[in-house]
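Protein chains in written order, with our numbering: chain A, 1 to 352; chain P, 353 to 704.
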């Protein structure tokens, strides 16, 4: 679990008070900030409590985090400072994952690619704080950090991965771009549909998943205009959705969208939406509701993104997707391989 | 936050695997077990993974935990072993609170009464595990431990108070006495009513409180018979209710019931029910729903428990109750003192 959680409008102002007791000797605090804020984030940047040799790094999250990028950030910090007091991630899901991964790599030898998997990380990272500026991924509470490595897209899933502290300030999500906010919110909604209809589930994950789903429905179907209440509730939906991952698993949309992101670099939130738009067969009610959310919020989901790909490309996506065995098993049961054949998946990718 | 949470039927069987890595030198693990299990808990006792010099102590929870009892348990363990590897509480809310408090007192000097209040505890306790066998109090996740001291009933509320690990195994609540299970479940329900209608609340606590309330309604109004699903859901309701305390506050029922427990030793769960039965004025819908739950579950709520008390006794209860300022303020607003006068509270206690 995350050790400390602060939730509240304006709680970002408590950051100095929160991190100062964690400073060690003269080692700096490193603020890893979504590059989106580099030019238009003055209101946020001015409030970062950086002191002395503290460093602000704008994280390139144009692509989802790669193991090579994690390694280079950690190496850069080791070269410059020897060690750091802590890493504070400020941004969306990619920035959260980067901050967690860099923190771990400050104290673990080798490359982050060596730790993609379950419980391979052997030492705690440096002190790490997550401050989301987009809600929906659940990366602020999860025990993983999804990374694209040389051979796979897989997280550093370990007891040492969760943040020591998260600061959930819904004011920070107020100015997120409308489309981005929707796609990221749908990451939460789609996760709930996949886990609640799946075969892996217990009451812990069900309770959290149901709450996240209720909140998403309220925000994206009942509300007519985006307001502070939506920011508050989507931040809690993201938190609850992230917590529900503990004892549940995602399903078809995630499994198919991993193929897209591996081959085409499609970002996670939009990739899930692109797939969700075409999988009525597996989630009839969920997909119908998703389409109502898309309509009500005037969002356009891209179509035809697989046009012109070679069979070789399709095969690569199919390989990546079918490799996500637990996701398919959760969605379709033990006999999933008989249901989701390569032909069937080829046909689905062709329609995206 | 609690560091590690395990949830699942049968997860108690993982206890050995969970605690063994926490053993330090030859210091024992101490299992603090609700005395209820001493004679009729063979099925549970046989599964406690005690080794070598580990010790099982049956906790006297006939009364709610007192600071004197906490101190004597901690002193006894220091005398016998010098130090312990950990304290594992197995029981209801009182046992949870005792385990947390004894763990803290193994590493903090003086009496637990010195630490009743907010953030007075200066050092982490020894490793502590909470394993509830009754659901509803939320003590398994809270950052306090309610103790009756020489001058007040107040918790050791601190960042060091939460458990390092909780094991939530709904199988353990299966054989709880029906009345006890109801009263403890109502602790959760009443907390939700008080916090959700109160003036202190944010979206974090609201989301958790709403989920706990939904679960309580399902269990106590929709279900016709108690079954495994009820045990699962009430354990989650307790967890969610406990989490919701973070940014909310209880109200009238708790404030009045503290007076009863201080003077008469009335236990928390039943005390809340006794009060809730008579406070339609403050929670009209909540009390009506509470009464439907009482009827549907064939529970008898004691009446007339204040009969024959002296005015001196009433004054003591009134003093204790009115001392709970934040509870009254949450329930009745800033002007609560004009609303809840001594006369009004005297009249209410007289009806209980």
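For glycine and all other residues, C-beta sits at the position ideal for the given N, C-alpha and C.
Quick one: is residue 585/P near chain A, going by C-beta distance under 8 Å?
By this cut-off, residue 585/P is an interface position.
Compare the C-beta of residue 158/A against all C-beta atoms of chain P and say whether one is closer than 8 Å.
Cβ-Cβ to chain P under 8 Å: no for residue 158/A.
Give the secondary structure of residue 59/A by DSSP, where H, G and I count as helix, E and B as strand, and everything else as coil.
DSSP places residue 59/A in strand when its eight states are reduced to three.
Go to residue 386/P, then tell me how far its beta strand (DSSP E) extends in each direction, as first and last residue.
Segment 381–386, the beta strand (DSSP E) holding residue 386/P.
What residues in its chain sit with their C-beta under 6 Å from that of residue 482/P, if we drop five residues either side in the sequence?
Only 441, 448, 492, 515, 518 meet the Cβ criterion.
Please compile the residues from chain P whose C-beta is within a distance smaller than 9 Å of the C-beta of residue 315/A.
Result: empty, since nearest Cβ-Cβ is about 39 Å, beyond 9 Å.
Mind checking who residue 517/P pairs with in its DSSP beta bridge?
According to DSSP, residue 517/P bridges with 356/P, 481/P.
Taking Cβ-Cβ distances below 9 Å as the criterion, which residues of the segment 233–259 of chain A are in contact with chain P?
Those residues of the segment 233–259 of chain A that come within reach of chain P (Cβ to Cβ, closer than 9 Å) are 233, 235, 236, 237, 239, 240, 246, 247.
How would you write the range of the beta strand (DSSP E) that residue 438/P sits in, first residue to last?
From DSSP, the beta strand (DSSP E) with residue 438/P extends over 438–443.
Taking DSSP as the reference, what is the three-state secondary structure of residue 235/A?
Residue 235/A falls in the helix class under three-state DSSP.
Strictly by DSSP, which residues pair up with residue 422/P?
Paired residues: none, contrary to the question.
Can you find a CB in chain P that lies within less than 8 Å of the CB of residue 218/A?
No, no contact with chain P.
Quick check: the Cα distance between residue 349/A and residue 118/A, rounded to an integer number of angstroms?
Rounded to whole angstroms, residue 349/A to residue 118/A spans 29 Å at the Cα level.
Residue 7/A touches chain P at which residues, Cβ-Cβ below 9 Å?
Near residue 7/A (Cβ distances below 9 Å), the residues of chain P are 554, 555, 556, 557, 598, 599.
Given 8 Å as the limit, is there contact between the segment 297–315 of chain A and the segment 273–284 of chain A, that is, 3 or more CB pairs closer than that?
In short, these stretches touch, since the Cβ pair count reaches three.
Looking at C-alpha atoms only, which residue of 547/P, 553/P, 645/P is the closest neighbour of residue 577/P?
The residue with the shortest Cα to Cα distance from residue 577/P is 645/P.
Determine the chain P residues that contact residue 189/A at a beta-carbon separation under 8 Å, and present them in chain order.
Those do not exist, as residue 189/A stays about 16 Å from chain P at its closest Cβ, beyond 8 Å.
Could you give the first and the last residue of the continuous beta strand (DSSP E) run that contains residue 509/P?
Run containing residue 509/P: 505–509, per the beta strand (DSSP E) assignment.
How do the segment 522–538 of chain P and the segment 500–511 of chain P stand: do at least 3 beta-carbon pairs fall below 8 Å, yes or no?
Too few Cβ pairs lie closer than 8 Å, so no.
If you run the structure through DSSP and keep just helix, strand and coil, what is residue 680/P?
The answer is helix: DSSP assigns residue 680/P an H, G or I state.
Below 7 Å on C-beta distance, what does residue 211/A contact in chain P?
In chain order: 559, 563.
Using a Cβ-Cβ cutoff of 7 Å, what residues of the segment 356–381 of chain P are near chain A? List them in chain order.
The segment 356–381 of chain P vs chain A, Cβ under 7 Å: 356, 357, 359, 360.
Checking contacts by CB at 8 Å: is residue 493/P closer than that to chain A?
For residue 493/P, the answer is no, since every Cβ of chain A falls outside 8 Å of its Cβ.
Using 8 Å as the threshold, is the segment 251–269 of chain A in touch with the segment 191–207 of chain A, meaning 3 or more CB pairs across them?
With a cut-off of 8 Å, the segment 191–207 of chain A and the segment 251–269 of chain A count as touching, because enough Cβ pairs lie within range.
Exposed or buried, which one is residue 332/A when buried takes at least 16 other CB atoms within 10 Å?
The residue is buried, with at least 16 neighbouring Cβ atoms inside 10 Å.
Measuring straight from C-alpha to C-alpha, what distance separates residue 307/A and residue 258/A?
Going from the Cα of residue 307/A to the Cα of residue 258/A covers about 18 Å.
Leaving out five residues on either side along the sequence, give the residues of the same chain with a beta carbon under 8 Å from the beta carbon of residue 314/A.
Once the five neighbours on either side are set aside, the close Cβ partners of residue 314/A are 306, 346, 349, 350.
I need the straight-line Cα distance from residue 490/P to residue 137/A, nearest angstrom please.
Distance between the alpha carbons of residue 490/P and residue 137/A: 28 Å.
Within 8 Å (strictly less), CB to CB, does residue 1/A reach chain P?
True, the Cβ-Cβ gap to chain P drops below 8 Å.
Which chain P residues are close to residue 215/A, counting only those with a beta carbon under 8 Å from its beta carbon?
Simply 559.
Taking only runs of the alpha helix (DSSP H) that begin and end inside the segment 597–673 of chain P, which ones reach a length of at least 4 residues, in chain order?
List check, alpha helix (DSSP H) in window: 604–616, 620–628, 636–648.
Would residue 365/P be called buried (16 or more neighbouring beta carbons within 10 Å of its own) or exposed?
Residue 365/P is exposed by the Cβ-count criterion.
Is the distance from the Cβ of residue 10/A to the Cβ of residue 169/A below 8 Å?
Taking 8 Å as the Cβ cut-off, residue 10/A and residue 169/A qualify as a contacting pair.
If you follow the alpha helix (DSSP H) that residue 548/P is in, where does it begin and where does it stop?
Here the alpha helix (DSSP H) through residue 548/P covers 530–548.
Buried or exposed, going by whether 16 or more other CB atoms sit within 10 Å of the CB of residue 462/P?
Residue 462/P is exposed by the Cβ-count criterion.
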